[in-house]
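Engineer: The structure under discussion is supplied below as structure tokens; questions concerning it will follow.
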Amino acid sequence: MMPEWLQSWWPAIILGTPLALGSITWAIRKGLASQKDLQAAEDKATTSIAAEGKQRDQDYRHIQGRLNEIDRRLDRGEDRFERIGLRLDQLPNKDDINRIALGMAEVNAAVGKLGVRVEGLSDRLGQTDERLQTLDDYLRQDSLIEKQKGT
Numbered sequence: 000m001m002p003e004w005l006q007s008w009w010p011a012i013i014l015g016t017p018l019a020l021g022s023i024t025w026a027i028r029k030g031l032a033s034q035k036d037l038q039a040a041e042d043k044a045t046t047s048i049a050a051e052g053k054q055r056d057q058d059y060r061h062i063q064g065r066l067n068e069i070d071r072r073l074d075r076g077e078d079r080f081e082r083i084g085l086r087l088d089q090l091p092n093k094d095d096i097n098r099i100a101l102g103m104a105e106v107n108a109a110v111g112k113l114g115v116r117v118e119g120l121s122d123r124l125g126q127t128d129e130r131l132q133t134l135d136d137y138l139r140q141d142s143l144i145e146k147q148k149g150t
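Under numbering that gives the first Met the number 0, think of the first position of the sequence shown as 0, with each following residue one higher.
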């Protein structure tokens, strides 16, 4: 119950099918990679992946080293900021400076008053010195007179 046209082509189909399948198989095998090619591609990929992994590991270590250095620098910076803060806390503030300025003004006023008193004392000492000099001169003259009388 095959159609008539199929009956006339039946011998060609029976002979052509294995030839077509063989040709198709040969073409597919030719287009596909061989076991040797697959192994070479796998080796190349493995080598490339290993090299890339090694490079990434080196990059990671380098970055980790840089991060550690940055961390140490940040710690040193924080320590410096703490020390600066402590020093700033020890410095006088505006109120302290105002009290110091007021104290200095009071000291200057007291020194000015002392200066006036010292000038007065200096004048009196000068007068006392003149009187002592006059007295000394008088006593020396008196002593010379007595020496002259005694001779």
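We put the beta carbon where it would ideally sit given N, CA and C, even for glycine. Since the model is a prediction, treat every value here as computed from it, not as a measurement.
1. Give me the Cα-Cα distance between Ala11 and Gln34, rounded to the nearest whole angstrom.
2. Going by beta carbon distance, what residues of the same chain come within less than 7 Å of Trp9, once the five residues before and after it are set aside?
3. Going by the CB atoms, is the gap between Ala49 and Ala40 shorter than 9 Å?
4. Given this structure, state the Cα-to-Cα distance separating Glu105 from Arg79, to the nearest angstrom.
5. Taking the straight line between their C-alpha atoms, what separation do you get for Asp141 and Asp128?
6. Quick one: measure Cβ to Cβ for Ile99 and Pro91, integer angstroms, because I've assumed they're closer than 8 Å.
7. I need the DSSP call for Met103, collapsed to helix, strand or coil.
8. Could you spell out the range, first to last residue, of the alpha helix (DSSP H) harbouring Pro10?
9. What did DSSP end up calling Leu90 once you bin it into helix, strand or coil?
10. Just the C-alpha distance for Arg75 and Tyr59, rounded to the nearest angstrom, thanks.
Structural biologist: Judging by the given coordinates:
1. For the purposes of this step, residue 11 is taken as residue 12 along the sequence shown, with counting starting at 1. For the purposes of this step, residue 34 is taken as residue 35 along the sequence shown, with counting starting at 1. Approximately 36 Å, taken between the alpha carbons.
2. Start at 1 with the first residue of the sequence shown, and residue 9 comes out as number 10. None.
3. As a working note, residue 40 is residue 41 in the sequence shown. As a working note, residue 49 is residue 50 in the sequence shown. Taking 9 Å as the Cβ cut-off, Ala40 and Ala49 do not qualify as a contacting pair.
4. The residue you call residue 105 lines up with position 106 of the sequence shown. The residue you call residue 79 lines up with position 80 of the sequence shown. Their backbone Cα atoms lie some 39 Å apart in a straight line.
5. Counting from one through the sequence shown, the residue named residue 141 turns up at place 142. Counting from one through the sequence shown, the residue named residue 128 turns up at place 129. Roughly 19 Å separates the two Cα atoms.
6. Reading the sequence shown from its first residue, position 100 is the one you call residue 99. Reading the sequence shown from its first residue, position 92 is the one you call residue 91. That belief holds up - the Cβ atoms of Ile99 and Pro91 are roughly 7 Å apart, short of 8 Å.
7. In the sequence shown, the residue the question calls residue 103 occupies position 104. Helix.
8. Taking the first residue of the sequence shown as position 1, residue 10 is located at position 11. Run containing Pro10: 3 to 30, per the alpha helix (DSSP H) assignment.
9. Here residue 90 refers to the residue found at position 91 of the sequence shown. The answer is coil: DSSP assigns Leu90 none of H, G, I, E or B.
10. Numbered from its first residue, the sequence shown carries residue 75 at position 76. Numbered from its first residue, the sequence shown carries residue 59 at position 60. Approximately 24 Å between the Cα atoms of the pair.
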